[in-house]
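Written out below as structure tokens is the structure these notes cover.
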Amino acid sequence: MKTLVIIIHPDLKNSIINKRWIEELKKYPEKYLLHDLHSAYPDGNINIEKEKQLVESHDTIIFQFPFYWFNCPPLFKKWLDEVLTHGWAYGSKSGYKLSNKKIALGIAAGINEEDYSATGRYKYTLEQLTAPFEVTFNYIKADYKPLFAFYGAEHNATTERIEKSAHDYMSFIEQL
């Protein structure tokens, strides 16, 4: 079964990291279904039933996005609020449609990794800052996996690092 990669990037055409990851994923159409939320819903109106069907038909789901203002893009939050509904994603006997599905985050962070630490500039790790996603996916009984991150997209995105990250990202997904 293919892995569903839900891409949530509000400015993908000007992306460096996410765009490169997508190029790498597209080399394996038999393995990955790429779903760009901003292309699918340019007006922000999410087709909730379509999203539920996509999620239900995949056992592994990656949410890929840039991390800015210490959070996810707004369309991802909207997706979570509208798609993960009571009676489907949680609650009631017919809920928990994501139960045991492997879910992970693929994040491009503009800031260097050392800045995301207790002694760093921002005092928190990326894992700590993304804890609400972990709690959300655990709450709906999904199998939340550790995140994958590219750090330093703003000031340290060399060609070599970007290329390495694309291959490391593929390895990360394959090992889920």
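Numbering-wise (our numbering), the sequence shown opens with residue 45 and increments by one. For every residue, glycine included, the Cβ atom is placed at its ideal position computed from N, Cα and C. Here the structure is a predicted model, which is why all the values come from computation and not from measurement.
{"Asked": "Give a yes or no on whether the C-beta atoms belonging to residue 146 and residue 220 are separated by under 7 angstroms.", "Found": "yes"}
{"Asked": "Does the segment 163–170 come into contact with the segment 202–215, if we say contact requires no fewer than three beta-carbon pairs (one atom in each stretch) closer than 8 angstroms?", "Found": "no"}
{"Asked": "Report yes or no: do the segment 135–145 and the segment 168–187 share at least 3 C-beta pairs separated by less than 8 angstroms?", "Found": "yes"}
{"Asked": "Is the Cβ-Cβ distance between residue 105 and residue 127 less than 7 angstroms?", "Found": "no"}
{"Asked": "Taking 8 angstroms as the limit between beta carbons, can you name the residues of its chain near residue 64, skipping five residues before and five after?", "Found": "206, 207, 209 and 210"}
{"Asked": "Is residue 114 near residue 56, with beta carbons less than 7 angstroms apart?", "Found": "no"}
{"Asked": "Please report how far the alpha carbon of residue 213 lies from the alpha carbon of residue 150, in whole angstroms.", "Found": "8 angstroms"}
{"Asked": "How is residue 181 classed by DSSP in three states: helix, strand or coil?", "Found": "helix"}
{"Asked": "Kindly indicate which three-state DSSP category residue 199 falls into: helix, strand or coil?", "Found": "coil"}
{"Asked": "Which same chain residues, not among the five before or five after residue 119, have their C-beta less than 6 angstroms away from its C-beta?", "Found": "52 and 81"}
{"Asked": "Report all residues from its chain with a CB closer than 7 angstroms to the CB of residue 61; omit the five preceding and five following residues, and keep chain order.", "Found": "152, 194, 197, 201, 206 and 209"}
{"Asked": "Quick check on this structure: which residue in 192, 154, 78 and 190 has the alpha carbon closest to the alpha carbon of residue 199?", "Found": "154"}
{"Asked": "Using the C-alpha atoms, what's the distance from residue 46 back to residue 176?", "Found": "26 angstroms"}
{"Asked": "Return the chain-ordered ranges of every alpha helix (DSSP H) run that is complete within the segment 59–119 and spans a minimum of 4 residues.", "Found": "61–70, 81–84 and 92–100"}
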